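Remarks on the structure that follows.
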Amino acid sequence: MSNVTAVHAWITHMIIAHAAGVFNDRIVTHQVKYLGLMENLRVRRAGFAYRRPYEMFLQRYKCLTPATWPNYHGPSKQGVHEIVCHLGFERDEYRMGNTKIFIRSPRTLFATEDAFQAKKHDIATIIQKIWKGRLQRQEYLKMREAAITIEKWSRRFLAQKEAERRDKAVHIIRNFIKGFITRNGQITEVNKAFVELAKAQYLIRLSKNLPTSLLDKSWPPHPVVCREASTLLHQLHRRWLSRKYRLALSPGQKRQFELKVLAESIFKDKKKSYPQSIGPRFVDDRLTEEQKALRQTFQQNHLNGDKIVYATTVTKYDRHGYKPRERVLVLTNKHLYVLDGKTFKLKHNLGLDMLQELVVTTESDNLLLLRIPPEYKKDKGDLILEVGHIIEAVTKIVDVTKKAHNVKIMEAGTISHNLIGGKQGVIDITTGTSPAIVKGKSGHLLVVASP
Numbered sequence: 001m002s003n004v005t006a007v008h009a010w011i012t013h014m015i016i017a018h019a020a021g022v023f024n025d026r027i028v029t030h031q032v033k034y035l036g037l038m039e040n041l042r043v044r045r046a047g048f049a050y051r052r053p054y055e056m057f058l059q060r061y062k063c064l065t066p067a068t069w070p071n072y073h074g075p076s077k078q079g080v081h082e083i084v085c086h087l088g089f090e091r092d093e094y095r096m097g098n099t100k101i102f103i104r105s106p107r108t109l110f111a112t113e114d115a116f117q118a119k120k121h122d123i124a125t126i127i128q129k130i131w132k133g134r135l136q137r138q139e140y141l142k143m144r145e146a147a148i149t150i151e152k153w154s155r156r157f158l159a160q161k162e163a164e165r166r167d168k169a170v171h172i173i174r175n176f177i178k179g180f181i182t183r184n185g186q187i188t189e190v191n192k193a194f195v196e197l198a199k200a201q202y203l204i205r206l207s208k209n210l211p212t213s214l215l216d217k218s219w220p221p222h223p224v225v226c227r228e229a230s231t232l233l234h235q236l237h238r239r240w241l242s243r244k245y246r247l248a249l250s251p252g253q254k255r256q257f258e259l260k261v262l263a264e265s266i267f268k269d270k271k272k273s274y275p276q277s278i279g280p281r282f283v284d285d286r287l288t289e290e291q292k293a294l295r296q297t298f299q300q301n302h303l304n305g306d307k308i309v310y311a312t313t314v315t316k317y318d319r320h321g322y323k324p325r326e327r328v329l330v331l332t333n334k335h336l337y338v339l340d341g342k343t344f345k346l347k348h349n350l351g352l353d354m355l356q357e358l359v360v361t362t363e364s365d366n367l368l369l370l371r372i373p374p375e376y377k378k379d380k381g382d383l384i385l386e387v388g389h390i391i392e393a394v395t396k397i398v399d400v401t402k403k404a405h406n407v408k409i410m411e412a413g414t415i416s417h418n419l420i421g422g423k424q425g426v427i428d429i430t431t432g433t434s435p436a437i438v439k440g441k442s443g444h445l446l447v448v449a450s451p
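Here UniProt numbering is used: position 195 in the sequence shown is 195, and no number is missing along the way.
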């Protein structure tokens, strides 16, 4: 023992003979081979303190990396490599043999084992979670079975009450059968009481179920003997609702209806974003207070008596490069102006008779392409705009120009736009989860609309 304690022994094996003081070469040699001492010496001599087959190492420590947990279906050697890489082993701290992994430092092995012991708590938490979930599901199934039983008996009780009600109704109806059979014929002593009751009940039902809106075109059903009276009353009621509604309309509301009807004739069943524009009211001015002050200066210097009909902020895209720029669109009774969004400097002045087409897409995007005649040299081609309230803006323009046929609604795909010198650019229309208008990799303007 003094010899053992004098050195730093990594491992000590005791070889036991059959009797004290007896040294048998054959028995000792067998124990040395059985315990693998020679292999341990060769491994230790190479500087490695630990070896383990890949299967055993992977089975024990596979929980330390997400790549091998809970099951690894690849080769065991590859799985062990995933573990040592995840744990950050230094390259000189281990070697990968044909069937085993060799670890040089006990400190590395102990750190791996400590990580394994710490991971046991996480595994225990997972097991506890699954077990609690199973218990809760069993409790839920019991409650569900109880609820089904309660529902079954409740339905049985309600069915019994319904049967009693029907029996009572049958008794009452039987008294009117004779009158009901002849209810559509001439009034006689047999059906007179039934017919008079039918008329009275019809008028009572009608008074309680009259439509309250012009949009509601329904009319309560009537008995055969009241057919003529029902037709006359329906006509009178519709006329009264119409008169009542007209008298209650203000000039502003009447104007709103005119614009909404115009928008419907242009966009209904043609553009996906139209249904969202039905409810909100159309407005004439969507500028901020600061922009309204700048607009006053512009109006004094450029409009020359023109009346502003509509104003809103837009984004204008350059014809070359498609760089976005903040702009303000101002519509008057004679012209359409595009101004700088910050300084209100005049950028484009188009007479309304110069607008060949107002191009929009069938998708839910806000793209508006204003086609300008090629011979109009003051501009460099068609204007590409992104308008936040596209339905409202196009309706306002058409209301002034009275040219609804100029609105072109294009299917998704590609749209060409004119440039100066007879050249053309391309706009690609597509759908996606992130709506945007950007320059695509192909060099075209890419419009992504929500599906």
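By construction, the Cβ of each residue, glycine as well, lies at the ideal position given by its N, Cα and C atoms. Remember, predicted model here, so these are calculated numbers, not experimental data.
For residue i, the nearest candidate out of the options (CA to CA)
i: Ser230; options: Pro374, Phe298, Trp131 and Ser207; result: Ser207
i: Gly305; options: His335, Lys178 and Thr414; result: His335
i: Gly395; options: Val309, Ala449 and Thr315; result: Per the sequence shown, the amino acid found at residue 395 is Thr instead of Gly. When each option's Cα is compared against that of Thr395, the closest is Val309.
i: Phe116; options: Asn184, Thr65 and Gly421; result: Thr65
i: Gly351; options: Lys345, Gly388, Thr401 and Thr362; result: Thr401
i: Ser213; options: Leu197, Val283, Ile27 and Arg238; result: Arg238
i: Pro324; options: Met354, Asn333, Gln276 and Val387; result: Val387
i: Asn333; options: Asp399, Trp240 and Leu370; result: Asp399
i: Gln296; options: Arg137, Gln128, Leu339 and Ala404; result: Leu339
i: Trp240; options: Lys192, Val407 and Leu210; result: Leu210
i: residue 452; options: Lys441, Ile409 and Glu113; result: Given a span of 1 to 451 for the chain in the structure shown, any question on residue 452 remains unanswerable.
i: Glu363; options: Tyr376, Val426, Val407 and Pro451; result: Pro451
Per DSSP, the bridge partner or partners of residue i
i: Leu385; result: Lys316 and Leu368
i: Leu339; result: Val328 and Leu346
i: Asn418; result: Gln424
i: Val360; result: Ile409
i: Met96; result: Ile101
i: Val448; result: Thr430 and Ala436
Residue i classed as buried or exposed, judged by whether at least 16 other C-beta atoms fall within 10 angstroms
i: Leu358; result: buried
i: Ala311; result: buried
i: Lys271; result: buried
i: Arg45; result: With a pLDDT of 47 at Arg45, under the threshold of 50, the predicted position of this residue should be treated as unreliable, though the coordinate-derived value follows. The residue in question, Arg45, is exposed, as its Cβ has fewer than 16 Cβ neighbours within 10 Å.
i: Leu135; result: exposed
i: Gln424; result: exposed
i: Ala200; result: exposed
i: Arg319; result: buried
i: Ala293; result: exposed
i: Ala163; result: exposed
i: Asp365; result: buried
i: Phe298; result: buried
i: Phe110; result: exposed
i: Lys62; result: buried
i: Gln291; result: buried
i: Ile130; result: exposed
i: Leu236; result: exposed
Beta-carbon contacts of residue i that lie in its chain and below 7 Å, excluding the five residues immediately before and after
i: Ala124; result: none
i: Lys178; result: Val190
i: Tyr322; result: Lys439 and Leu445
i: Ile420; result: Lys380 and Gly381
i: Pro374; result: Asn418 and Gly422
i: Arg52; result: Lys100 and Ile101
i: His302; result: Leu346
i: His234; result: Trp219
i: Pro435; result: Asp365, Val448, Ala449 and Ser450
i: Phe180; result: Phe194
Secondary structure of residue i, DSSP reduced to three states
i: His222; result: coil
i: Gln424; result: strand
i: Tyr310; result: strand
i: Arg107; result: helix
i: Tyr72; result: coil
i: Gly351; result: strand
i: Asp285; result: strand
i: Tyr50; result: strand
i: Gln117; result: helix
i: Val400; result: helix
i: Gln296; result: helix
i: Arg91; result: helix
i: Asp122; result: helix
i: residue 452; result: It is not possible to answer for residue 452, since the shown part of the chain is limited to 1 through 451.
Proximal residues to residue i (C-beta, below 8 Å), its chain only, five neighbours per side dropped
i: Ala147; result: none
i: Val225; result: Arg183, Asn184, Val195, Ala198 and Lys199
i: Thr430; result: Ala412, Leu446, Val447, Val448 and Ala449
i: Ile372; result: Leu350, Met354, Leu355, Gln356, Asp379, Gly381, Asp382, Leu383 and Asn418
i: Leu249; result: Phe257
Any non-hydrogen atom of the ligand PLP within 6 Å of residue i CB
i: Leu135; result: With respect to the ligand PLP, the structure offers nothing, as it holds no ligand at all.
Own chain partners of residue i with C-beta closer than 6 Å, once the 5 adjacent residues on each side are dropped
i: Lys316; result: Arg325, Arg327 and Leu385
i: Asp284; result: Tyr310
i: Gly79; result: Leu58, Thr68 and Tyr72
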